[in-house]
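Visitor: Provided herewith is a single structure, encoded as structure tokens, for subsequent inquiry.
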Amino acid sequence: RAAVMSELGRGWQKRRGILLDVAPAAAALALMFWLGLIPLKSLPGPDFELADKMWHLLAFGGLAGLLSRAFVYFGRSGLLAAREASLVAVTLGGLLEVLQSFTRYRSADWADLLADALGVALAYAMLRGLDSAAARGTA
Numbered sequence: 020r021a022a023v024m025s026e027l028g029r030g031w032q033k034r035r036g037i038l039l040d041v042a043p044a045a046a047a048l049a050l051m052f053w054l055g056l057i058p059l060k061s062l063p064g065p066d067f068e069l070a071d072k073m074w075h076l077l078a079f080g081g082l083a084g085l086l087s088r089a090f091v092y093f094g095r096s097g098l099l100a101a102r103e104a105s106l107v108a109v110t111l112g113g114l115l116e117v118l119q120s121f122t123r124y125r126s127a128d129w130a131d132l133l134a135d136a137l138g139v140a141l142a143y144a145m146l147r148g149l150d151s152a153a154a155r156g157t158a
């Protein structure tokens, strides 16, 4: 099991090129801001009480992971990339909430930002685990 985690960690930190490392983060960011700033009558997927918060958790946790890949591409170590990506993702979540407050059809919500931060924290924990596993595998 440790060998599998080590291999996953090394694979996550391997640079693959701008199309695989940077473009997905840029595309996700553009899509998230577009969807976050257009009028939406309902969210896609199952309809349950906290569906909106689940989308925030998944979207911003995923964004942190994708940003981490982009930062590794630009020369950051795995752990530093995870930290910086997490800070950037939470900051972008806050920015999106502020921008939503300026629209007539969307509203800023502290609970959304909290869901963003929780998703990012979970992603950071996973990224740290991958970084540790990669380091153990090279020792």
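According to our numbering, the residues represented by the sequence shown are 20 to 158, in order.
The C-beta atom is built at its ideal place from N, Cα and C for all residues, glycine as well.
Thinking C-beta only, is residue 146 closer than 8 Å to residue 96?
Guide: As a working note, residue 96 is residue 77 in the sequence shown. As a working note, residue 146 is residue 127 in the sequence shown. Cβ atoms of residue 96 and residue 146: not closer than 8 Å.
Visitor: With H, G and I counted as helix, E and B as strand and the rest as coil, what does DSSP make of residue 93?
Guide: The residue given as residue 93 occupies position 74 in the sequence shown. Looking at residue 93 - three-state DSSP - the assignment turns out to be coil, as it is neither helix nor strand.
Visitor: By Cβ distance, which residues of its chain are closer than 7 Å to residue 134, with the 5 residues on each side in sequence left out?
Guide: Counting from one through the sequence shown, the residue named residue 134 turns up at place 115. Closer than 7 Å at the Cβ level, and outside the excluded window around residue 134, lie 72, 75, 76.
Visitor: Taking buried to mean at least 16 other C-beta atoms within 10 Å of its own C-beta, is residue 93 buried or exposed?
Guide: For this step, residue 93 is matched to residue 74 along the sequence shown. Exposed, because fewer than 16 other Cβ atoms sit within 10 Å of the Cβ of residue 93.
Visitor: Return the residue from the list 56, 109, 107 that minimises the CA-CA distance to residue 124.
Guide: Your numbering for residue 124 matches position 105 in the sequence shown. Residue 56 is the option with its Cα nearest to residue 124.
Visitor: Using only the alpha-carbon positions, how far apart do residue 144 and residue 60 sit?
Guide: Sequence index remark: in the sequence shown, residue 144 carries index 125 (1-based). Sequence index remark: in the sequence shown, residue 60 carries index 41 (1-based). Spanning the two alpha carbons is a distance of roughly 34 Å.
Visitor: As a quick exercise: from 116, 140, 141, 142, pick the residue whose alpha carbon is nearest that of residue 132.
Guide: Locating residue 132 in the sequence shown gives position 113, counting from the first residue. Out of 116, 140, 141, 142, 116 has the C-alpha closest to the C-alpha of residue 132.
Visitor: From residue 22 to residue 36, what distance separates their C-alpha atoms?
Guide: Position 3 of the sequence shown, counting from 1, holds the residue named residue 22. Position 17 of the sequence shown, counting from 1, holds the residue named residue 36. Going from the Cα of residue 22 to the Cα of residue 36 covers about 25 Å.
Visitor: Roughly how many whole angstroms lie between the Cα atoms of residue 47 and residue 41?
Guide: If you number the sequence shown from 1, residue 47 lands on position 28. If you number the sequence shown from 1, residue 41 lands on position 22. Answer to the nearest angstrom: the Cα atoms are 10 Å apart.
Visitor: Around the Cβ of residue 85, are there at least 16 other Cβ atoms within 10 angstroms (buried) or fewer (exposed)?
Guide: Here residue 85 is taken as the residue at index 66 of the sequence shown, counted from 1. Buried, by the Cβ-count rule.
Visitor: Buried or exposed for residue 66, please, with buried defined as at least 16 other CB atoms from any protein chain shown within 10 angstroms of its CB.
Guide: For the purposes of this step, residue 66 is taken as residue 47 along the sequence shown, with counting starting at 1. The residue in question, residue 66, is exposed, as its Cβ has fewer than 16 Cβ neighbours within 10 Å.
Visitor: Do you know offhand how far residue 26's Cα is from residue 152's?
Guide: Taking the sequence shown and counting its residues from 1, one reaches residue 26 at position 7. Taking the sequence shown and counting its residues from 1, one reaches residue 152 at position 133. Whole-angstrom Cα-Cα distance: 8 Å.
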